[in-house]
Each structure stands twice: as C-alpha cells, then as structure tokens.
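J.: Please find one structure pasted underneath; my questions will follow.
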Amino acid sequence: MTSSLKTSALETIFGHHPDGAKSQEGIDAPAWHGLAAKKRASNLAKIPQEWRLPRDTLKDIHEESKISVLDVPRSCGLLTTDELRITEDFDATGLSEQLSTGALKAYDVAKAFCKRAAIAHQLTNCLTEIFFDQALERAKMLDEYYEREKKPLGPLHGIPISLKDSYVVKNVHHTLGYISFLDRPPAENNSPIVQILLDLGAVLYVKTNIPQTFMTADSENNVFGRTLNPRRLTLTAGGSSGGEGALIAMRGSLLGVATDVAGSIRIPALCNGVYGFKPTANRLPFGGNAAPGRLGSPSPIVPLAGPLATTLRDCELLARSVVGAEPWLLDDGALNVPWRQQTLLPSPSSSSVTNGATTTTTTKPLRFGLITEDPTRPLHPPVLRALRTAANKLSAAGHTIFFALDPTKTPLRIIQDGGEPPIKSLHTVRVPQNDGWTASLDALWELVVERKRITKAFHDVVVGERLDALLTVPHCATAVPHDTYGIPGHTVLANVLDWPAAVLPFGVAEKGRDAEFLREGVEYVPPYAPEEVEGAPCAVQVLGRPMRDEELLRDLEVVEKVLRA
1 MTSSLKTSAL
11 ETIFGHHPDG
21 AKSQEGIDAP
31 AWHGLAAKKR
41 ASNLAKIPQE
51 WRLPRDTLKD
61 IHEESKISVL
71 DVPRSCGLLT
81 TDELRITEDF
91 DATGLSEQLS
101 TGALKAYDVA
111 KAFCKRAAIA
121 HQLTNCLTEI
131 FFDQALERAK
141 MLDEYYEREK
151 KPLGPLHGIP
161 ISLKDSYVVK
171 NVHHTLGYIS
181 FLDRPPAENN
191 SPIVQILLDL
201 GAVLYVKTNI
211 PQTFMTADSE
221 NNVFGRTLNP
231 RRLTLTAGGS
241 SGGEGALIAM
251 RGSLLGVATD
261 VAGSIRIPAL
271 CNGVYGFKPT
281 ANRLPFGGNA
291 APGRLGSPSP
301 IVPLAGPLAT
311 TLRDCELLAR
321 SVVGAEPWLL
331 DDGALNVPWR
341 QQTLLPSPSS
351 SSVTNGATTT
361 TTTKPLRFGL
371 ITEDPTRPLH
381 PPVLRALRTA
391 ANKLSAAGHT
401 IFFALDPTKT
411 PLRIIQDGGE
421 PPIKSLHTVR
431 VPQNDGWTAS
441 LDALWELVVE
451 RKRITKAFHD
461 VVVGERLDAL
471 LTVPHCATAV
481 PHDTYGIPGH
491 TVLANVLDWP
501 AAVLPFGVAE
511 KGRDAEFLRE
521 GVEYVPPYAP
531 EEVEGAPCAV
541 QVLGRPMRDE
551 ELLRDLEVVE
561 KVLRA
C-alpha cells in the first residue's frame with residue numbers, strides 16, 4: 001500500500017487508481033484493487049459535486065506532504081459564513097444549547113457538518129460510510145418535532161455524531177476495512193448504542209476509518225486506504241479510531257463514538273490534538289457492534305465504547321446522556337449503574353440527591369500518582385517536557401504529585417480470505433516472541449492471574465496513598481511518521497486495569513524548547529526526529545479508579561483549568 005499512497009487522495013476523490021488497473025510497478029493489480037476502487041467510488045457518489053475540492057487543491061495531499069490542512073475548510077470557499085460559524089464557534093454542548101432553544105435549526109447544523117465532513121474526507125481520507133441524505137432527512141424530522149412539540153427530542157437533539165466503522169447502523173454497510181466483507185449486505189438493525197443515540201435526538205451521518213484488524217495505531221486498510229493526520233500529513237492519525245480523530249480535528253464532527261481495547265480512543269486523541277475518554281468497560285453499551293475477529297473471546301481485557309470530542313465537557317455529555325438512557329435495557333452486557341453527576345462548586349464537599357441522581361460537589365486538593373516512563377521506551381523530549389510541565393503546574397496549584405487474546409489469529413485469517421496483503425504497520429505491533437507460542441487454557445489462565453496481580457498492586461498503591469488519579473502520558477512519543485507508532489504501553493495499562501482514562505491535549509512539539517529535554521546516550525523507540533514531529537500535539541493522560549468515571553471527569557475539569565491557566 002505504501003508505494004501507491006502518494007496518489008491516495010486522488011484515488012479517494014476519483015474512485016480509481018490514476019494508472020488504471022496497474023500497480024506502481026506496472027504489473028496487473030490483484031483483484032481486490034478493483035473491489036476497493038469500486039467501494040471508494042460509491043462513497044464519492046454520495047458527496048455532492050458542489051462540495052468537492054478542485055484537483056489542484058488535492059495534488060499535494062499525500063502521506064509524504066509535510067503540510068497541515070486544518071485551515072482548508074475555512075479557506076477553500078465551500079462553506080458559507082453561517083456554516084463556518086456553526087462548525088467553528090461551538091462545541092457539541094454549545095450546539096445543544098442553541099438547538100434546544102430554537103436558535104439553530106437541526107437541518108442547518110446537519111448540512112454544515114455534512115459539508116465539512118466531506119471536505120475533511122477529501123483531505124484526510126477519514127470516512128468509510130457516508131449517509132448525508134439520511135442525516136438531512138432526519139434533521140428535517142427533528143425540526144418538525146421541535147416546531148410541533150415546542151421542545152427538543154432529547155439531550156442530543158440535532159447534534160451530528162460520527163461513528164467508528166464498527167458501529168452497526170441500519171441500512172448502512174460495515175466492512176471493517178476488509179476486502180472479504182465488501183459483499184456483506186447493509187445492516188438490518190441498529191446496535192444498542194446507535195439506537196440510544198437516535199432516541200436521544202442525535203443525527204448520524206458518517207462512519208470513520210480504521211486499521212486493518214484494528215490492531216495498529218495507523219488507520220490504514222486495503223479498502224479505504226490510509227487516513228492522514230490533518231495537522232501534518234506525514235504523521236499517523238493514530239488508531240484504531242484514526243478516522244474519528246482526523247475528522248474531529250478538522251471539525252467535520254464535534255463528537256464521535258469510538259472503541260478502545262488498548263488505546264484506540266486515546267491514541268487518535270493524542271495524534272490529532274483532541275479529547276478522548278475511555279470509560280470503565282460496559283458503562284456505555286458495546287453489544288451488537290461488528291468485530292474484526294472472534295466475538296465472545298474469554299480475555300478479561302474487553303473492547304469498550306467511548307467518545308472523542310473537541311472539548312472535555314462533550315465527552316461528559318455523551319457519557320452522561322447514554323448512561324442516562326438506561327442502556328442495560330437494550331444491551332445485556334451494559335452495567336446497570338446510573339450516572340452520578342459530579343460538580344465543582346466553591347463550597348465544602350457535600351452530597352445531595354435530586355431527581356434520583358446523586359450529585360456530589362468538591363473543592364479539595366487532588367492527589368495524583370505520577371507514572372513517568374518505561375525504561376525500554378524513554379519519553380521523547382516534547383513528551384517529557386509536557387509531562388513535567390503538567391506535574392509542576394498541578395503542584396503549584398496546590399495539588400499533590402506522588403512519585404511513587406485471540407490465539408487463532410482470526411483477523412489475519414479474514415485478511416487471507418480476501419486475498420489482500422497485511423498493511424505495513426501490523427508488523428510493528430507484533431511481539432516476535434509470541435510467533436511460536438501455542439495457545440492453551442493454561443496459558444490463558446496464567447495471563448488472567450498475572451492481570452489480577454497487576455490490578456491488585458495498583459489498587460494497593462492508589463488506596464494506600466489516597467490517590468485520586470494517576471497522571472501520565474498517552475505514549476512515549478507524539479504522533480510519529482506513518483507505520484512507526486509501535487506498542488501502546490501507556491494506554492493499554494488502563495485497559496489491563498479496567499480503569500477509566502482520558503487524554504487531554506497539552507502543547508505541541510517545539511524543537512527549540514524540547515532541546516533541553518534531549519538525553520544523550522538514550523535510545524528512543526520509536527526514533528526521535530525533531531524536524532519530523534515539529535508542531536505535533538502533546539497530551540497528558542489521566543487514569544481514574546474503576547467505576548469512578550464521573551469522579552474522573554470531575555477531576556479532569558480541575559486538571560484542565562490548571563493546565564490552561
């Protein structure tokens with residue numbers, strides 16, 4: 001794939017390889033090339049001609065281009081003044097306030113985000129499924145409802161919400177980027193979380209790109225190609241929810257629903273400079289979604305649903321709204337745990353009960369456990385600077401900083417079934433020692449026991465030191481060049497522990513300021529190349545205690561206020 005990706009933007013827009021059915025080497029292309037081109041062409045047909053960027057704009061859009069495309073939606077002239085205001089002046093919470101009072105119409109909001117998503121896709125290749133027509137029809141229905149009932153349908157009334165490709169939407173395909181899934185019919189039903197979003201008033205309009213197998217931090221597959229990072233096209237957009245990350249960074253969406261099993265929400269949040277929240281598993285319903293491998297795997301580390309957004313409060317809006325809809329009534333795997341609203345007020349800590357929901361207020365200083373680095377994966381200078389700066393700012397503000405499986409390889413077999421090759425980045429996340437490993441129940445049991453030992457060790461430290469949260473980074477590096485991200489050690493920890501975690505953007509790589517954090521004789525993995533990552537977003541990651549998602553989001557308000565001060 002890499003050799004032909006320099007033309008990937010043109011392929012995305014025009015639905016075929018510029019040289020016809022030939023590869024870069026001039027030989028006949030495998031059969032799957034034609035199938036993939038047909039799928040991309042069908043997506044193009046769903047973008048109105050008047051929403052398409054000119055070819056001259058697209059000629060420099062490829063993975064070897066060091067440009068940022070964040071400003072193109074504003075400069076390209078396709079968006080009206082009102083559409084720019086709708087897509088740039090609000091977050092989802094702000095839009096909700098406008099829509100719930102009738103200040104904005106759902107149709108106008110939906111059209112603005114459909115158009116901006118189309119622009120974002122042409123620049124970053126972030127979408128897999130486009131259903132603008134259905135979205136606009138639904139927006140009309142919501143406006144009619146508001147006109148008739150004089151109230152919004154629900155807390156997400158008229159909010160455009162994007163979805164990772166694996167979410168199942170009635171009458172929409174879900175190929176998961178596999179050639180062999182292209183002939184699957186559209187879904188006949190909505191997955192539980194999709195149905196809940198609709199019941200809450202959301203407008204669904206696109207699904208977003210993912211990696212082949214979902215097991216890499218580069219959102220590339222042989223059906224849709226590679227998603228590019230809008231902040232710098234030579235850098236990865238992250239994975240496995242990289243399409244969501246890129247779309248939200250472009251403000252083609254303000255709020256999206258993704259999945260996470262090792263960092264798939266938080267890695268794209270880091271790479272694209274947006275917010276990502278991984279709840280405790282099954283606080284949000286995950287059942288009914290399409291999977292890249294086998295369903296029902298016995299691993300205690302399970303995939304989960306969570307938001308990516310342009311603001312922290314939008315992550316809370318999504319989680320609170322979905323849990324408030326009692327998802328356990330639709331999904332038997334969802335936890336029957338109502339949302340416990342947490343607020344920050346300038347008064348002593350207290351509790352009250354309103355309308356059956358417990359509300360807790362707090363102003364106490366927080367205690368953070370600091371996780372620095374894995375000695376085998378030293379923090380790159382911009383990441384080390386961001387973490388030290390964050391810890392110092394929190395300490396100065398009065399807070400305490402305490403130092404202290406699928407053995408049958410089902411996804412790979414699905415790739416083979418379609419006659420397609422594995423993408424390059426899959427090779428960077430394989431653990432070579434496991435290649436000769438034989439699966440057994442004994443081995444699985446040993447892993448479960450080891451996980452329990454790890455969770456107890458962390459529990460004992462957190463409880464013993466009365467910690468509110470753990471402060472760390474999402475990765476040892478910023479966004480890195482394509483196919484070099486490697487093992488996501490800092491994010492997978494929260495999945496092993498099953499603790500909620502969030503990523504907050506905090507600064508960018510600046511080689512001038514980062515130079516003092518460069519350590520001589522240190523081998524950085526992946527390699528540190530300051531010129532290549534200049535301007536890449538930095539971030540902090542904060543982990544809360546299990547089943548205390550609400551408390552973590554409350555504490556994150558404190559963290560964000562301190563970091564932004």
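Per full-length UniProt numbering, the very first residue in the sequence shown carries number 1; after that it's consecutive.
We put the beta carbon where it would ideally sit given N, CA and C, even for glycine.
If you run the structure through DSSP and keep just helix, strand and coil, what is residue 374?
T.: Strand, per DSSP.
J.: Does DSSP put residue 431 in a helix, a strand or coil?
T.: With a pLDDT of 44 at residue 431, under the threshold of 50, the predicted position of this residue should be treated as unreliable, though the coordinate-derived value follows. Note: residue 431 maps to coil in three-state DSSP.
J.: Could you give the C-beta distance for residue 568 and residue 245, rounded to a whole number, given that I count them as a contact under 8 Å?
T.: In the structure displayed, the chain extends from 1 to 565; residue 568 sits before or after that span and is not available.
J.: Per DSSP, which one or two residues make a beta bridge with residue 236?
T.: Paired residue(s): 228.
J.: For the alpha helix (DSSP H) containing residue 195, list its first residue and its last residue.
T.: From DSSP, the alpha helix (DSSP H) with residue 195 extends over 192 to 199.
J.: Between which two residues does the beta strand (DSSP E) carrying residue 275 extend?
T.: That run of the beta strand (DSSP E) goes 275 to 278.
J.: Measuring only the C-alpha atoms, how far is residue 161 from residue 146?
T.: Cα to Cα, residue 161 sits roughly 19 Å from residue 146.
J.: I'd like to know if the segment 202 to 213 and the segment 74 to 92 are in contact, where contact means that at least 3 CB-CB pairs between them fall below 8 Å.
T.: Because the criterion of three Cβ pairs below 8 Å is not met, the segment 202 to 213 and the segment 74 to 92 do not touch.
J.: So, do the segment 258 to 271 and the segment 172 to 181 have three or more beta carbon pairs nearer to each other than 8 Å?
T.: No, because fewer than three Cβ pairs between the segment 258 to 271 and the segment 172 to 181 fall closer than 8 Å, the two stretches do not touch.
J.: Return the bridge partner residues of residue 163 from the DSSP annotation.
T.: DSSP lists 207 and 257 as partners of residue 163.
J.: Just confirm the distance between the C-beta atoms of residue 486 and residue 526, as a whole number of angstroms; I'd bet it's less than 8 Å.
T.: Indeed, because the Cβ distance is near 5 Å, the residues count as touching under 8 Å.
J.: Going by other Cβ atoms of all chains shown within 10 Å of its Cβ, with 16 needed for buried, is residue 356 buried or exposed?
T.: With a pLDDT of 44 at residue 356, under the threshold of 50, the predicted position of this residue should be treated as unreliable, and no value is reported.
J.: Who are the Cβ neighbours of residue 116 in its own chain at under 8 Å, not counting the five residues just before and after it?
T.: So the qualifying residues of the chain are 73, 79, 83, 87, 250, 251 and 252.
J.: Where does residue 267 fall in DSSP's three states?
T.: Helix at residue 267.
J.: Using 8 Å as the cut-off, can you tell me whether the segment 448 to 468 makes contact with the segment 529 to 536, which would need three or more C-beta pairs spanning the two stretches below that distance?
T.: Flag = no, the segment 448 to 468 and the segment 529 to 536 do not touch.
J.: Would you check if there are 3 or more beta carbon pairs closer than 8 Å linking the segment 493 to 500 to the segment 543 to 550?
T.: The segment 493 to 500 vs the segment 543 to 550: in contact.
J.: Please report the straight-line C-alpha distance between residue 367 and residue 483, rounded to a whole angstrom.
T.: Between residue 367 and residue 483, the C-alpha separation is close to 37 Å.
J.: Suppose the cutoff is 7 Å on Cβ atoms and the five residues either side in sequence are ignored; what does the same chain contact list for residue 398 look like?
T.: Within the same chain, residue 398 has close Cβ partners 365.
J.: Determine whether the Cβ of residue 305 lies closer than 7 Å to any Cβ atom of chain C.
T.: Absent from the structure is chain C; it holds one protein chain and no more.
J.: Using beta-carbon positions only, say whether residue 383 and residue 449 come within less than 7 Å of one another.
T.: No, the Cβ-Cβ distance between residue 383 and residue 449 is not below 7 Å.
J.: Are the Cβ atoms of residue 148 and residue 203 separated by less than 7 Å?
T.: Cβ distance not < 7 Å, so residue 148 and residue 203 don't count as in contact.
J.: Mind reading off the beta-carbon distance from residue 319 to residue 277? Whole number of angstroms is fine, and I expect it under 8 Å.
T.: Confirmed, Cβ separation roughly 7 Å.
J.: Using only the alpha-carbon positions, how far apart do residue 549 and residue 541 sit?
T.: Straight-line Cα distance between these residues: approximately 14 Å.
J.: Taking the straight line between their C-alpha atoms, what separation do you get for residue 263 and residue 304?
T.: Their Cα atoms are separated by approximately 10 Å.
J.: Taking 7 Å as the threshold (C-beta atoms), are residue 143 and residue 120 in contact?
T.: Not closer than 7 Å, so no.
J.: Please work out which residues of its chain come closer than 6 Å, Cβ to Cβ, to residue 553, disregarding the five sequence neighbours upstream and downstream, and give them in chain order.
T.: Excluding residues within five positions, the ones whose Cβ falls inside 6 Å are 316.
J.: Which residue's Cα is closest to the Cα of residue 114: 122, 132, 98 and 103?
T.: Nearest C-alpha to residue 114: 132.
J.: Short of 8 Å in beta carbon distance, which residues of its chain neighbour residue 462, apart from the five on each side in sequence? Order them along the chain.
T.: For residue 462, where only same-chain residues beyond five positions count, the Cβ hits under 8 Å are 369, 470 and 545.
J.: Grab me the residues of residue 284's own chain with a C-beta within less than 6 Å of its C-beta, minus the 5 sequence neighbours each way, in chain order.
T.: Excluding sequence neighbours, residue 284 sits near 305 and 322.
J.: Going straight from the alpha carbon of residue 8 to that of residue 480, what length do you get?
T.: Because residue 8 sits at a pLDDT of 47, beneath the cut-off of 50, its placement in the model cannot be relied upon, and the following sentence gives the value as read from the coordinates. Spanning the two alpha carbons is a distance of roughly 19 Å.
J.: Considering only the alpha carbon of each residue, which of 519, 341, 559 and 123 lies closest to residue 71?
T.: Answer by Cα proximity: 123.
J.: Could you pull out every unbroken alpha helix (DSSP H) segment of at least 4 residues lying fully inside the segment 76 to 133, listed in chain order?
T.: Complete alpha helix (DSSP H) runs here, min 4: 81 to 88, 92 to 100 and 106 to 124.
J.: Could you say which of 493, 523, 478 and 152 lies nearest to residue 511 if we only look at CA atoms?
T.: Cα-wise, what sits closest to residue 511 is 478.
J.: Determine, using beta carbons only, whether residue 618 and residue 175 come nearer to each other than 7 Å.
T.: Residue coverage of the chain in this structure runs from 1 to 565, which leaves residue 618 outside it and unanswerable.
J.: Quick check: what's the CA-CA separation for residue 310 versus residue 46?
T.: Whole-angstrom Cα-Cα distance: 26 Å.
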